[in-house]
Amino acid sequence: MQDMGDEDEAISQPIERLPFRSAAEPEREIVDVDTLERKPTDGDTAVVVRGLVIEKVRTDVSFCYVGCPYCKKRMTVDDHGNLRCERHACVKGNTYFLISVRFVESATGRSIWLTLFDQCVPGLLDVDAKDFSLMHESMQMSKLNTLVGTRMFLTIKKSKRNGYTNYNVTHLEVLQ
4 MQDMGDEDEA
14 ISQPIERLPF
24 RSAAEPEREI
34 VDVDTLERKP
44 TDGDTAVVVR
54 GLVIEKVRTD
64 VSFCYVGCPY
74 CKKRMTVDDH
84 GNLRCERHAC
94 VKGNTYFLIS
104 VRFVESATGR
114 SIWLTLFDQC
124 VPGLLDVDAK
134 DFSLMHESMQ
144 MSKLNTLVGT
154 RMFLTIKKSK
164 RNGYTNYNVT
174 HLEVLQ
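Heads up: the sequence shown begins at 4 in this note's numbering, then just goes up one per residue.
As structure tokens, then:
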């Protein structure tokens, strides 16, 4: 997701600066949002950003998509109305999360839009993508609103594709 600077008021709660190293993740460079945005993107870069707070969930787009069970790429509808993966011959897809969230650093007030993919979201919402997609919209919004104000450490993969800089969350750890 590209950075979508927004002028809304930032959350002003102080965030503890705790060391971060998850057993599931290799050691990464720890940076702040400003450093993340200035890092060159010659290739994919994975870094940890400390103690961000979820400020807003983007609600004008779908929160789930149907993707290929092998590559997770969004499936398209062919001429006969059937779902198809452009890379694989599969016609039956799985439902995956794709949620855009604005995080803010309370110490600096800097914010950044990031994309939460399927590997991160089920643990936050206590529901899988298929069940979430079947919920009524008001129930979806209620679940997503529980995320606002959540503090966490994030491992972010920064990449540049088609002229856009994308920031994708690959691992997160909620702070109590």
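Note that CB positions come from ideal geometry on N, CA and C, so glycine has one too.
Taking one C-beta from the stretch 141-156 and one from the stretch 71-84 each time, how about it: are there three or more such pairs within less than 8 Å? no
Give me the residue from Val52, Lys59 and Leu55 with the minimum Cα distance to Val151. One-based indexing of the sequence shown puts residue 151 at position 148. Cα-wise, what sits closest to Val151 is Lys59.
Please state whether DSSP places Met155 in a helix, a strand or coil. Counting from 1 along the sequence shown, the entry for residue 155 is found at position 152. Strand at Met155.
Endpoints, the alpha helix (DSSP H) within which Glu176 is located: Residue 176 sits at position 173 when you count from the first residue of the sequence shown. Where Glu176 is concerned, there is no enclosing alpha helix (DSSP H), although the beta strand (DSSP E) it sits in stretches over Tyr167 to Val177.
For Ser65, the three-state DSSP class (helix, strand or coil): Position 62 of the sequence shown, counted from the start, is the residue given in the question as residue 65. The answer is coil: DSSP assigns Ser65 none of H, G, I, E or B.
Whole-angstrom Cβ separation of His174 and Thr158, contact assumed at under 8 Å? Taking the first residue of the sequence shown as 1, we reach residue 174 at position 171. Taking the first residue of the sequence shown as 1, we reach residue 158 at position 155. At roughly 4 Å, the Cβ-Cβ gap stays under 8 Å, so His174 and Thr158 are in contact.
By a C-beta neighbour count over all protein chains shown, 10 Å radius and 16 as the cutoff for buried, is Glu89 buried or exposed? Stepping through the sequence shown from its first residue, residue 89 is reached at position 86. Exposed: under 16 other Cβ atoms inside 10 Å.
So what does Lys59 bridge to, in DSSP terms? Residue mapping note: residue 59 aligns to position 56 of the sequence shown, counting from 1. Note: Lys59 sits in a beta bridge opposite Arg105.
When the Cα of Phe156 is compared with those of Phe106, Asp121 and Asp63, which residue comes out closest? Counting from one through the sequence shown, the residue named residue 156 turns up at place 153. Distance from the Cα of Phe156 is smallest, within the candidate group Phe106, Asp121 and Asp63, for Phe106.
Using only alpha-carbon positions, find the residue among Val124, Ala132 and Leu86 that is nearest to Val104. The residue you call residue 104 lines up with position 101 of the sequence shown. Nearest option by C-alpha distance: Val124.
Since Asn97 sits in a beta bridge, which residues does DSSP pair it with? Taking the sequence shown and counting its residues from 1, one reaches residue 97 at position 94. Answer is Gly70, bridged to Asn97.
How many angstroms separate the CA atom of Gly70 from the CA atom of Leu117? The sequence position of residue 70 within the sequence shown is 67, counting from 1. The sequence position of residue 117 within the sequence shown is 114, counting from 1. Gly70 and Leu117 have their C-alpha atoms some 20 Å from each other.
C-alpha gap between Tyr99 and Lys133, whole angstroms: Your numbering for residue 99 matches position 96 in the sequence shown. Your numbering for residue 133 matches position 130 in the sequence shown. Their Cα atoms are separated by approximately 7 Å.
Assuming Leu101 and Tyr68 make a contact with CB atoms under 8 Å, what is their CB distance in whole Å? Counted from its first residue, the sequence shown places residue 101 at position 98. Counted from its first residue, the sequence shown places residue 68 at position 65. At roughly 5 Å, the Cβ-Cβ gap stays under 8 Å, so Leu101 and Tyr68 are in contact.
Ser136: which of Phe66, Asp81 and Ile57 sits nearest, CA to CA? Taking the sequence shown and counting its residues from 1, one reaches residue 136 at position 133. Minimum Cα distance to Ser136 is reached at Phe66.
Straight-line Cα distance separating Asp81 from Gly54: In the sequence shown, residue 54 corresponds to position 51, counting from 1. In the sequence shown, residue 81 corresponds to position 78, counting from 1. Their Cα atoms are separated by approximately 44 Å.
With DSSP as the reference, identify every bridge partner of Leu86, one or two as the case may be. Taking the first residue of the sequence shown as 1, we reach residue 86 at position 83. Note: Leu86 sits in a beta bridge opposite Val80.
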